[in-house]
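The numbers in the sequence shown follow the numbering used here, run straight up by one, and end at 285.
Every residue gets a Cβ at the ideal spot worked out from N, C-alpha and C, and that includes glycine.
Note that the coordinates shown come from a computational prediction; the quantities given were computed from them, not determined experimentally.
A short write-up of the structure that comes next.
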Amino acid sequence: MALEKVRDLLCAAQKANTSVIAFDACDYNTIYACIKGAEVARRPVIVMLYPTMRSVFSFGAFAATVKDLAKSASVPVGLHLDHCSELPIIIEAIRDGFTSVMADGSAMPLEENIAFTKSVVDVAKIFDVDVEGEIGHVGQVAGGFDYQNADTFTRPDEAAVFAGRTGVASMAVAFGSCHGMYKAEPNLDLERLQEIDKAVDVPLVLHGGSGIPADQLEKAFQMGINKFNVGTEFFLLNTKLCKEAYTSEELLKNPFAGITSIRKGLTEYIAKKLELCEMKV
Ligand code: 13P
Numbered sequence: 005m006a007l008e009k010v011r012d013l014l015c016a017a018q019k020a021n022t023s024v025i026a027f028d029a030c031d032y033n034t035i036y037a038c039i040k041g042a043e044v045a046r047r048p049v050i051v052m053l054y055p056t057m058r059s060v061f062s063f064g065a066f067a068a069t070v071k072d073l074a075k076s077a078s079v080p081v082g083l084h085l086d087h088c089s090e091l092p093i094i095i096e097a098i099r100d101g102f103t104s105v106m107a108d109g110s111a112m113p114l115e116e117n118i119a120f121t122k123s124v125v126d127v128a129k130i131f132d133v134d135v136e137g138e139i140g141h142v143g144q145v146a147g148g149f150d151y152q153n154a155d156t157f158t159r160p161d162e163a164a165v166f167a168g169r170t171g172v173a174s175m176a177v178a179f180g181s182c183h184g185m186y187k188a189e190p191n192l193d194l195e196r197l198q199e200i201d202k203a204v205d206v207p208l209v210l211h212g213g214s215g216i217p218a219d220q221l222e223k224a225f226q227m228g229i230n231k232f233n234v235g236t237e238f239f240l241l242n243t244k245l246c247k248e249a250y251t252s253e254e255l256l257k258n259p260f261a262g263i264t265s266i267r268k269g270l271t272e273y274i275a276k277k278l279e280l281c282e283m284k285v
């Protein structure tokens, strides 16, 4: 199966009233586990890269790796550039093979966010690349962001204006989530999500997926979330598995044993997480 368009995966999820799950990856093992885990779970998957990670895994090499593994995968696979607020970097990613990008202007005032996101959509359209925007702001736990403060949540009227004026294919929205490991259990404002969903037609995206309880996710998926992003929890598991693998005496006999155990642990995690998606393929 070749790489699928993220927009097609999200539209299918919207019709099925569920969410595709997207994971940030950083190396061959994490990409491999996303795709193998999706095959085990029989679910579609989206593999994402943070633009800052291009110093360790170039855009071109990352995109080529995902495409290469997608070719022989038995489930649909999407490729996406996560959070980017700089047009030249987004253009670089598109040039190097990314078929979907996030234009993150969420820290900008509304008009500036609209202008920036629209400029990305205008360029992306030429190359048939999908754009995810963000309205409202999902911050970072590490930066002290108050994710329970409703003033930071997406306003349905602004979401409608944003979608209409930018032409984004999907839209990340804020209703109580935050990037990183939560200090206190999140309590998603599902009423706000429903109001946003009523105001716009484009698929909605939930960021800050690590540590959100499954019951809240199930409801959010039914109430309009069609793409769900997970990063921190996957990276922390990768670190733990690497630490265990590379301190094992076994490596002295078989230097490659670590790779197998790391991939196995990551693949199991992905397959389990993907069960939250109701779209079995
Ligand atoms: P977490 O790192 O909190 O899982 O969030 C990931 C994310 O939203 C990436 O866009």
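Asked	Found
Per-residue DSSP class, three states only, for Val79	coil
His141 vs Ser110 beta-carbon contact at 7 angstroms	yes
Candidates Met112, Pro113, Ile93 and Glu116: closest to Val105 by CA position	Ile93
Beta-carbon proximity check, Met227 vs Val206, cutoff 7 angstroms	no
Closest by C-alpha distance to Ala107, when choosing among Asp100, Val127 and Lys71	Val127
Selection from Leu114, Ala42, Ala163 and Ser265 that minimises the alpha carbon distance to Val209	Ala163
Chain-ordered residues, beta carbon under 6 angstroms from a heavy atom of ligand 1	Asp28, Asp86, His87, His183, Gly184, His211, Gly212, Gly213, Ser214, Asn233, Val234, Gly235, Thr236 and Glu237
Of the residues Gly184, Ile263, Leu194 and Leu256, the one placed nearest Phe238, counting alpha carbons only	Gly184
Glu136 versus Thr56: straight-line alpha-carbon distance, rounded	18 angstroms
Nearest-angstrom Cα separation, counted from Ile39 out to Leu73	7 angstroms
Exposure label - Asp155; buried when at least 16 CB within 10 Å	exposed
Residue interval of the beta strand (DSSP E) (run including Val204)	Premise fails: Val204 is in no beta strand (DSSP E) and is neither H nor E.
Candidates Leu197, Glu272, Met283 and Val285: closest to Gly41 by CA position	Glu272
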